[in-house]
Each structure stands twice: as structure tokens, then as C-alpha cells.
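Taken in order, these protein sequences are the chains called A and B.
Sequential numbering from 1 applies to the first sequence in full-length UniProt numbering.
Sequential numbering from 1 applies to the second sequence in full-length UniProt numbering.
Backbone N, C-alpha and C fix where the C-beta goes; we use that ideal spot for every residue, glycine too.
Quick notes on the structure that follows.
There are 2 protein chains.
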Amino acid sequence: MAISKIYKLYLSPDRNYVKALRNLIGFVPGNLSLYRMAFRHKSIALGIKKGVKNSNERLEFLGDAVLGAVVAEVLFKMYPYKDEGFLTEMRSKIVSRANLNQLGKKLGFNKLIEFDPSTVNISSKQSSLLGDAFEALVGAVYLDKGYNFTKDFLINRILNPHVDIHTLEVTETNFKSRLIEWCQRLSKEIQFNLIPNQEGDSDKLFTIQVVIDGELMATGVDYNKKNAEKLAAEKTCEMLGV
Amino acid sequence: MAISKIYKLYLSPDRNYVKALRNLIGFVPGNLSLYRMAFRHKSIALGIKKGVKNSNERLEFLGDAVLGAVVAEVLFKMYPYKDEGFLTEMRSKIVSRANLNQLGKKLGFNKLIEFDPSTVNISSKQSSLLGDAFEALVGAVYLDKGYNFTKDFLINRILNPHVDIHTLEVTETNFKSRLIEWCQRLSKEIQFNLIPNQEGDSDKLFTIQVVIDGELMATGVDYNKKNAEKLAAEKTCEMLGV
């Protein structure tokens, strides 16, 4: 073991933090400040440097992109005979906020994450704190160790042990029921309205509008009424971050 | 020069193709079939293997993700004091279909791309043929040479010489005028409708709906009327791929 690792793990004032991190990510971090940043939620961002918050949001931007590339390659190689539509949908399922939040929870992020509990409820279903921190961690690993290391880390430490890709494949995300549940939880009224066709439209097309508390959210159009509903619900879920 | 490179450039039956590719990408390609695939548009995809078309669409999926990660890192490092909203917006500008199409044109992709001219008009402004091929090329380079090579290729051969990031920074994408132009070109009628506030809404909120040929496309809500229009126009552009 390199001397710097021995120092970090056993002698430095940060040794407990380093050990906790090592247990979580499976390796001894190089640049500690990157990881501290990845686990710092904006609610407690203190230092403001030239307009930029001292929080994990920039790392989240970077990590989201790196995660997207790694997952794209994994799927590209895992499914050589599936088209790009399938690959795109599978990736959305893997990197969905719900899935990443769950990952962050499983990995025990709650022990490392710093946030202001008076303004943020980490266990709220609405909260994307854990998923955001997961992406930020990917950004930190990338800056600390480079692409190939990050790819190995994601595949061997995250995707293989924690994400069952083949189960996700057959799980159809039911956006309509997800949306209805969300509205029930927040006591909002939701309607799926079938809109009469305009002159000149094909008779066979269905147009469904999702309306929540009287406000039009999104429209779905398809030759199949159920698909039109699904489309409209999916767009709404995306808009609302549900 | 390695023997395989000498063979490819001067002796192989593919030598003219290899030289054309080398001029374009700046290096001698390893796995030629990846590059042929990157320049094969779905309109002439011949071989159907177990339901997958022999075209560049899967590579485009992969290349889009790799390009996104490289551009994210470039921006992250170039703008250390800008927030994630700025970085996201800048990346959208750089990887916009319009920008990538222009890049493909500049790089002379029209000489390499294979498509069916009876069904596709490569010079049409609607066509995303060149931009799609650009992303597919990035996917091919990635599979052929790995991430770090692709990053260097993109930075030194594409971004630095061809993309003026600082000009893009001050260019505000005017979605409203882009949408209006598009409608004029296709003789579609467009309206930006101000929707009266619902009971309980803040008086200060503006809701703008974009309606094209009588069909509601998207809604924008903001405290500033111009911003609400911009938001609605942006969503519509995204939906329509304008």
C-alpha cells in the first residue's frame, strides 16, 4: 500500500472519514475535497465563490453525463440486437431519479451526506437528495481517477451488485399510476381528458390531455388510446420530476 | 508507422476509403467496419439481423452519450465559477442538432455518408442526417480507440478548431423566432396564447400556450411574460425537433 494511503487511513485527522468513504466506494479516495463536495447538499452550501455555491450541483452535472456514457456502453454491449429506442428506454430506467435515490439509500449515503434537516426531508419520497449525491459522487470519482476507473467502479461496485438490468427490462414503468399516486399523496385533482379531433386529423388518432388542478400539463397523441394516455402521463412525470 | 497502418493506407482494397477517413478524422482507423456503420443512414440499411437494422442508429445512441460526457467535462473545467444551469444550457447549445449538422457539413461528411437520396434530402434544413452521423462517428471512435482517445479527438480535432464556445455563450438561442420561421416554412399557423389565470394562481404568473394549426403544443409559465413565451417555445422546439 502506498504511503499516502497508509497516512490517509491511519494517521490523518480525516482517517474516519476516509475509512467510511473507502467502505462505501471500495477504494481509498485521492482528492478528499472532491468527495466532501459530492456529499454537500445545496441546503448547507456555505462558501459562495464568485457566485458559485459550494455544493454538489456542478459535480452532479458532470457525474450525470459520465454515468450516462457508461450505462450507454454497458447496454450497447449487453444488447447487440436491440435498437436504439430500447437502449434509450433501458437507460432511462437505470438512471431514473427513483432508481438512483434507492441506490444512494442502499449504499448508506445518509451517513455521509451533509444537508440542512430544517429545510430538507431526506426520507421524503419527493426528495432527490440521495440520487443527486450519487451522480455527484460519480463526478468526483471521474475527476479523481479518470474515465476507465469510474467505468470499472460503476460496473463492478454499482451496476453488477445492485442493479438487476434484466428485471428492469421486463418492468414496464407505469407512468399513469405513478402520476395518480403522486396526485393522491399531494391531494391534487388529476384528469385524463380525451380531446375531440380537429378537422383534418385522422379519425384514428387519440389525443389525451393530462390536467392537474385545472392546469394543462401535457398532451399525448397516438393511434391507441392507452398509449396516448401513457405518453401524456410520461411527459407529465418528466415535467414534474415525479 | 505500424505495418497494419501501412497496409491499410497503401495496399488494402479499402485504401481510398481509409485515406478519406484519415483526412476527415485525423488518424488511421482501426476497425473499419465501425466507421462504415457510422456513415450508413437507416434509409439504406440493408441487412436486418435479428430485428436490428444495419444502420448508424445504435452508434448514434452511444456517441451521443460519450459526446455529452466529454462536453460536460470541457465546460466544467472551462467555467469553474458557473453553476450547473449555465453548464447545462451551454452543453445544449454545443450538441444541438443544428450545431452538429453544421459540424458534419464542415467536416465533409456528405462525401462519406451513405443514404437513399430518393427518400432523404441531405440538404434539407429538416434533415438531421449529418448531425446523427457525427454522433455515430463519436460512437465508432469510442469503440475503436477508447474514451481518452475520443476525448482528445473531440477536443483537438472538433471543439477547438470548429466550435467557438465563447461566441455560443453570448448567443441566446431564440426559440420563439426559430419556431415562427419553421412554421412559416411549412405554412403552419402558430399562436402564442396568454391563458387567464385559474382561481388561486398568483396574479403575477403568466401562462403562455403555443398552438400550431389549432393543436396545443406546450405551455410555459413564468413571472415574466417573455420568459413564459420562451419556455413554451423551447418545449415546442424540443418536441418537434425544430
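With the cut-off set at 8 Å, would you say residue i and residue j are in Cβ contact?
{"i": "residue 243 of chain B", "j": "valine 163 of chain B", "result": "Given a span of 1 to 242 for chain B in the structure shown, any question on residue 243 of chain B remains unanswerable."}
{"i": "glutamine 184 of chain A", "j": "valine 211 of chain A", "result": "no"}
{"i": "alanine 133 of chain B", "j": "isoleucine 113 of chain B", "result": "yes"}
{"i": "glycine 26 of chain A", "j": "lysine 145 of chain A", "result": "no"}
{"i": "glycine 63 of chain B", "j": "valine 95 of chain B", "result": "no"}
{"i": "isoleucine 208 of chain B", "j": "leucine 186 of chain B", "result": "no"}
{"i": "leucine 59 of chain B", "j": "alanine 45 of chain B", "result": "no"}
{"i": "arginine 91 of chain A", "j": "valine 70 of chain A", "result": "no"}
{"i": "glutamate 57 of chain A", "j": "glutamate 238 of chain B", "result": "no"}
{"i": "leucine 11 of chain B", "j": "valine 18 of chain B", "result": "no"}
{"i": "aspartate 223 of chain A", "j": "lysine 204 of chain A", "result": "Residue identity differs from the one stated: residue 223 of chain A is tyrosine in this sequence, not aspartate. Cβ distance < 8 Å, so tyrosine 223 of chain A and lysine 204 of chain A count as in contact."}
{"i": "serine 43 of chain A", "j": "phenylalanine 153 of chain A", "result": "no"}
{"i": "methionine 78 of chain A", "j": "isoleucine 165 of chain A", "result": "yes"}
{"i": "leucine 87 of chain B", "j": "phenylalanine 76 of chain A", "result": "no"}
Rounded C-beta distance between residue i and residue j? I'm assuming under 8 Å.
{"i": "arginine 22 of chain A", "j": "valine 28 of chain A", "result": "5 Å"}
{"i": "leucine 179 of chain A", "j": "valine 120 of chain A", "result": "That pair is no contact at about 24 Å."}
{"i": "glycine 131 of chain A", "j": "glycine 108 of chain A", "result": "About 14 Å; that fails the 8 Å criterion."}
{"i": "leucine 168 of chain A", "j": "lysine 93 of chain A", "result": "5 Å"}
{"i": "glycine 214 of chain A", "j": "alanine 232 of chain A", "result": "Not quite, the Cβ-Cβ distance comes to about 16 Å (not below 8 Å), so this is no contact."}
{"i": "residue 244 of chain B", "j": "glutamate 89 of chain B", "result": "With chain B covering only 1 through 242, there is no way to say anything about residue 244 of chain B."}
{"i": "leucine 34 of chain B", "j": "leucine 143 of chain B", "result": "6 Å"}
{"i": "asparagine 148 of chain B", "j": "tyrosine 147 of chain A", "result": "7 Å"}
{"i": "isoleucine 155 of chain A", "j": "valine 74 of chain A", "result": "7 Å"}
{"i": "alanine 20 of chain A", "j": "lysine 111 of chain A", "result": "7 Å"}
{"i": "phenylalanine 206 of chain B", "j": "lysine 225 of chain B", "result": "4 Å"}
If you reduce the DSSP assignment to three classes, tell me which class residue i lands in.
{"i": "glycine 146 of chain B", "result": "coil"}
{"i": "phenylalanine 192 of chain B", "result": "strand"}
{"i": "valine 70 of chain B", "result": "helix"}
{"i": "valine 211 of chain A", "result": "strand"}
{"i": "methionine 239 of chain B", "result": "helix"}
{"i": "leucine 216 of chain B", "result": "strand"}
{"i": "glycine 63 of chain B", "result": "helix"}
{"i": "tyrosine 10 of chain B", "result": "helix"}
{"i": "serine 124 of chain B", "result": "coil"}
{"i": "aspartate 164 of chain B", "result": "coil"}
{"i": "valine 28 of chain A", "result": "coil"}
{"i": "tyrosine 81 of chain A", "result": "coil"}
{"i": "asparagine 99 of chain B", "result": "helix"}
{"i": "asparagine 197 of chain B", "result": "coil"}
Taking the DSSP output, what are the residues bridged to residue i?
{"i": "aspartate 222 of chain A", "result": "A:Phe206"}
{"i": "arginine 40 of chain A", "result": "A:Glu114"}
Got a sec, what are the start and stop residues for the alpha helix (DSSP H) residue i sits in?
{"i": "leucine 107 of chain A", "result": "First-last for leucine 107 of chain A: undefined, no H or E at that position."}
{"i": "threonine 171 of chain B", "result": "Segment: none, threonine 171 of chain B is in no alpha helix (DSSP H) and carries neither H nor E."}
{"i": "glycine 85 of chain A", "result": "84–94"}
{"i": "arginine 157 of chain B", "result": "Where arginine 157 of chain B is concerned, there is no enclosing alpha helix (DSSP H), given that its DSSP letter is neither H nor E."}
{"i": "leucine 21 of chain A", "result": "15–25"}
{"i": "isoleucine 6 of chain B", "result": "3–6"}
{"i": "leucine 179 of chain A", "result": "175–185"}
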